[in-house]
């Protein structure tokens, strides 16, 4: 039931990531969904407009969720099914406070920090996205410490690319609704095509670096990560073709029909390459 609860979260909130996880081997699929569910619940605590403007309640909820998560990793049991599912995976794959605490620190930063420096953005992206990539890598390599050490840089670059492309896609809502500016020294009111291309060049560098590590992943996870990489690569390309003035006004997305074609291509390539 805990795993089913986690699967319900990902199906309700994420099209791209949810579709990509379907290409994982069954064991990895359930574990990755359990990671995503906790991450998504924390993110909703930060951004849910129904919680009102006072950050104190959001902070209490985040603090409580983090404490419950760490407690459950020790005890193995929680009445919160999403926490229970996550802790089960964490205990199985050695995901500990060194990855969990930076994530919650980045979530708390969103409650008070509206502008970032280069250093604070690096810290935020590490905690909000790169550690999630490292958690997933823990699942994929199944205890192979040497593989984890070798592939960690690529996992971090992939998480960074995913987060930054989301920042660019959500530029309008982040600034106009939430009052946040993630990219240092970027004034959304003066956002230009040159700014867009500079940000996308950085994102595409991350995607290229990540692709090297993806090729070394085990067969059970490689195809799904290639699919996620391709989906976000398609979003990067669509953003590059979109005038900056449009990005400033609306959320850019890849149509579901295009996502389906990308997944079919990745699936077909995987079938051809299968030993």
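Residue numbers (my numbering): 15 to 289. All residues carry an ideal CB built from backbone N, CA and C; glycine is no exception.
- Would you mind working out which of 227, 182, 218 and 242 sits nearest residue 257, comparing C-alpha positions? Checked all of 227, 182, 218 and 242; the closest Cα to residue 257 is 182.
- Query: Thinking C-beta only, is residue 253 closer than 9 Å to residue 194?
  - Reply: No, the Cβ-Cβ distance between residue 194 and residue 253 is not below 9 Å.
- Beta carbon of residue 152 nearer than 9 Å to that of residue 162: Their beta carbons are under 9 Å apart, which means residue 152 touches residue 162 by this criterion.
- Task: Specify, as a first and last residue, the run of the alpha helix (DSSP H) that residue 352 falls within.
- Result: A question about residue 352 goes unanswered here, because the residues of the chain that appear run from 15 up to 289.
- Where does residue 36 fall in DSSP's three states? If DSSP states are grouped into helix, strand and coil, residue 36 belongs with coil.
- Task: Rounded to whole angstroms, what's the CA-CA distance from residue 289 to residue 36? Just pull it up for me.
- Result: Since pLDDT at residue 289 reaches only 43, below the 50 mark, its modelled position is unreliable, and the value read off the structure follows with that caveat. Whole-angstrom Cα-Cα distance: 20 Å.
- Item | Counterpart residues of residue 129 in DSSP-defined beta bridges | For residue 129, which the question treats as bridged, DSSP gives the partners 195.
- Helix, strand or coil at residue 156 according to DSSP, with G and I counted as helix: Correct three-state label for residue 156: coil.
- How about the segment 97-114 and the segment 128-136: do they share at least three Cβ pairs that are nearer than 8 Å? No: fewer than three Cβ pairs fall under 8 Å.
- Query: Is it true that the CB of residue 51 sits closer than 9 Å to the CB of residue 20?
  - Reply: Against a cut-off of 9 Å, the Cβ pair of residue 51 and residue 20 comes out as a contact.
- State the CB to CB distance for the pair residue 144 and residue 168, rounded to an integer number of angstroms; the pair is presumed to be in contact (CB under 8 Å). About 11 Å separates the beta carbons of residue 144 and residue 168, which is beyond the 8 Å limit, so they are not a contact pair.
- Pull up the CB-CB distance for residue 72 and residue 60, whole angstroms please, since I reckon it's below 8 Å. About 6 Å separates the Cβ atoms of residue 72 and residue 60, confirming a contact at the 8 Å cut-off.
- Task: Kindly indicate which three-state DSSP category residue 56 falls into: helix, strand or coil?
- Result: In the structure shown, the three-state DSSP call for residue 56 is helix.
- Determine the DSSP secondary structure at residue 277, reduced to helix, strand or coil. Correct three-state label for residue 277: helix.
- Item | For residue 280, the nearest candidate out of 251, 213 and 34 (CA to CA) | The shortest C-alpha separation from residue 280 is found at 34.
- Query: From what residue to what residue does the alpha helix (DSSP H) around residue 75 run?
  - Reply: Start and end: 69-89.
- Message: On a Cα-Cα basis, can you pick out the residue from 222, 150, 180 and 218 that is closest to residue 232?
- Response: Out of 222, 150, 180 and 218, 150 has the C-alpha closest to the C-alpha of residue 232.
- Query: If we call anything under 9 Å between Cβ atoms a contact, is residue 48 one with residue 81?
  - Reply: Between residue 48 and residue 81, the gap from beta carbon to beta carbon reaches 9 Å or more.
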